[in-house]
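Top line first, the protein sequences correspond to chains A and B.
Numbering of the first sequence is given in the working numbering, commencing with residue 1 and proceeding in unit increments.
Numbering of the second sequence is given in the working numbering, commencing with residue 1 and proceeding in unit increments.
Encoded as structure tokens, the structure appears first; notes follow it.
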Amino acid sequence: MAPGKVVTPGAGLDKAPGAPHPALMPHDHSHDHPHSLLPSDPALRVKALESILTAKGLVDPAALGAIIETYQHKVGPQVGARVVARAWADAGFAAALLADADAALAAMGVSGRQGEHVVAVANTPQVHNMVVCTLCSCYPWPLLGIPPGWYKSDAYRARAVREPRAVLADFGVTLPEDQTVRVWDSTAEVRYLVVPMRPEGSAGLDEAALAALVTRDSMIGTGLPRRPGSAP
Amino acid sequence: MSAPATPHPVTGFDEPWQAELFALTVALSEAGHFGWPDWTRAFGATLARHRAARELDGGADYHAAWLETLEVLLDRAGLARRDEAARMRERWAAAYLATPHGQPVRLGG
Numbered sequence: 001m002a003p004g005k006v007v008t009p010g011a012g013l014d015k016a017p018g019a020p021h022p023a024l025m026p027h028d029h030s031h032d033h034p035h036s037l038l039p040s041d042p043a044l045r046v047k048a049l050e051s052i053l054t055a056k057g058l059v060d061p062a063a064l065g066a067i068i069e070t071y072q073h074k075v076g077p078q079v080g081a082r083v084v085a086r087a088w089a090d091a092g093f094a095a096a097l098l099a100d101a102d103a104a105l106a107a108m109g110v111s112g113r114q115g116e117h118v119v120a121v122a123n124t125p126q127v128h129n130m131v132v133c134t135l136c137s138c139y140p141w142p143l144l145g146i147p148p149g150w151y152k153s154d155a156y157r158a159r160a161v162r163e164p165r166a167v168l169a170d171f172g173v174t175l176p177e178d179q180t181v182r183v184w185d186s187t188a189e190v191r192y193l194v195v196p197m198r199p200e201g202s203a204g205l206d207e208a209a210l211a212a213l214v215t216r217d218s219m220i221g222t223g224l225p226r227r228p229g230s231a232p
Numbered sequence: 001m002s003a004p005a006t007p008h009p010v011t012g013f014d015e016p017w018q019a020e021l022f023a024l025t026v027a028l029s030e031a032g033h034f035g036w037p038d039w040t041r042a043f044g045a046t047l048a049r050h051r052a053a054r055e056l057d058g059g060a061d062y063h064a065a066w067l068e069t070l071e072v073l074l075d076r077a078g079l080a081r082r083d084e085a086a087r088m089r090e091r092w093a094a095a096y097l098a099t100p101h102g103q104p105v106r107l108g109g
């Protein structure tokens with residue numbers, strides 16, 4: 001969509017209430033902030049949107065609280081790790097996950113919010129998969145939570161496609177020359193989950209122990225799983 | 001809910017307003033005010049425009065672009081006009097400055 005006019009963050013807004021204020025509460029005790037600390041410009045703009053939309057009944061404050069709670073405390077890479085561990089432990093589940101991830105995840109009680117589809121891609125000795133979102137920062141939230149800063153950076157978004165091996169090297173990952181690197185570009189509709197290869201020495205571990213080996217980056221494809229016995 | 005069995009770091013938000021902004025956007029989309037593909041297209045356009053000016057590191061600049069995108073979308077949709085949002089921002093600023101430290105901040109009339 002062609003944006004018409006750009007709203008410069010804070011343009012014309014953050015000039016009036018500036019730094020030092022005359023003592024509004026002259027009787028107050030002597031610390032530096034007799035009044036409440038003024039939040040940052042973006043914080044005030046978010047509050048403004050929130051109160052306007054709440055007053056109009058367009059959003060429910062309880063729903064906002066529930067979303068924040070979910071992404072700060074409940075959803076994160078431990079969910080994806082559980083899925084990968086099950087795929088390692090159960091060949092039937094692995095096949096189902098790769099064939100139709102949405103159905104396999106739903107059976108585990110994991111589902112998305114925006115109607116997006118999850119596609120699971122498995123690493124093999126021949127192919128290493130890596131995920132990026134070149135448009136913005138599409139990411140499998142229900143499986144991995146909120147993306148790390150580097151996933152959202154221009155450097156990663158631009159270089160992951162152009163020079164994936166160099167990016168992997170920055171992450172400390174060096175792959176065999178004959179292993180192809182395949183980069184998947186996430187969209188609003190399709191989010192990718194990398195199923196890394198099960199590390200050597202993990203035979204006999206149960207699913208919980210296997211999940212502890214699955215790092216977030218290994219599910220984005222910028223890392224490899226831990227080996228049993230290595231430091232977290 | 002029991003503690004996760006694995007020590008996976010959870011990426012959170014650097015500041016509370018970033019979490020509130022994220023929740024607001026998700027809630028609006030879930031309520032049907034815009035589709036998520038519409039959101040990603042608009043956000044992608046903002047990011048591309050910002051990127052033309054300087055390289056984005058995925059931190060504060062990313063969230064600033066997100067906020068800008070939501071403000072434009074809401075203004076265009078008539079759900080929160082730009083002037084309305086600017087006035088409300090000033091009311092909140094005034095409320096903070098008029099509220100003694102440590103007390104809950106509420107909007108004045």
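No residue lacks a Cβ here, since even glycine has one placed at the ideal position from N, Cα and C.
None of these values were measured; they are calculated from a predicted model.
Query, Result
"For Thr299/A, report the span of its alpha helix (DSSP H) as first-last.", "This structure does not reach residue 299/A, given that chain A is present from 1 up to 232, and the question cannot be answered."
"Hey, does Tyr156/A have any beta-carbon neighbour from chain B nearer than 9 Å?", "yes"
"Compare the C-alpha of Met197/A against each of Ala48/A, Ala91/A and Val167/A and name the closest.", "Ala91/A"
"Which residues in the same chain as Ala208/A place their Cβ atom closer than 8 Å to its Cβ, once the five residues preceding and following it in sequence are excluded?", "Ala85"
"Using only CA atoms, which one of Ser40/A, Ala94/A, Pro125/A and Asp170/A lies nearest to Ala60/B?", "Ser40/A"
"How about Leu37/A: is its C-beta nearer than 9 Å to some C-beta of chain B?", "yes"
"List in chain order: all unbroken alpha helix (DSSP H) runs of 4+ residues lying wholly within the region 17-58 of chain B.", "36-53"
"Between Arg45/A and chain B, is there a C-beta pair that is closer than 9 Å?", "yes"
"Using only the alpha-carbon positions, how far apart do Ala42/B and Thr99/B sit?", "37 Å"
"Does His63/B come out as helix, strand or coil in the three-state DSSP assignment?", "helix"
"Using only CA atoms, which one of Ala93/B, Ala27/B, Phe34/B and Leu56/B lies nearest to Ser137/A?", "Leu56/B"
"Please report the distance separating the alpha-carbon of Leu135/A from that of Ala55/A.", "33 Å"
"Assess, as a yes-or-no matter, whether the region 150-167 of chain A is touched by the region 67-79 of chain B under the definition of 3 or more beta carbon pairs within less than 8 Å.", "no"
"Please list the segments of the beta strand (DSSP E) lying wholly inside the region 76-152 of chain A, counting only runs of 3 or more residues, in order along the chain.", "117-122 and 127-132"
"I'd like the list of long-range same chain contacts for Ala234/A, defined as Cβ closer than 7 Å, with 5 residues on each side in sequence excluded.", "It is not possible to answer for residue 234/A, since the shown part of chain A is limited to 1 through 232."
"Taking a cut of 8 Å between CB atoms, which residues from the region 43-54 of chain B lie near chain A?", "Phe43, Gly44, Ala45, Thr46, Leu47, Arg49 and Arg51"
"Where does Thr124/A land, buried or exposed, given buried means 16+ other C-beta within 10 angstroms?", "exposed"
"Name the two residues that bound the continuous alpha helix (DSSP H) containing Val214/A.", "Element bounds for Val214/A: n/a, residue is neither H nor E."
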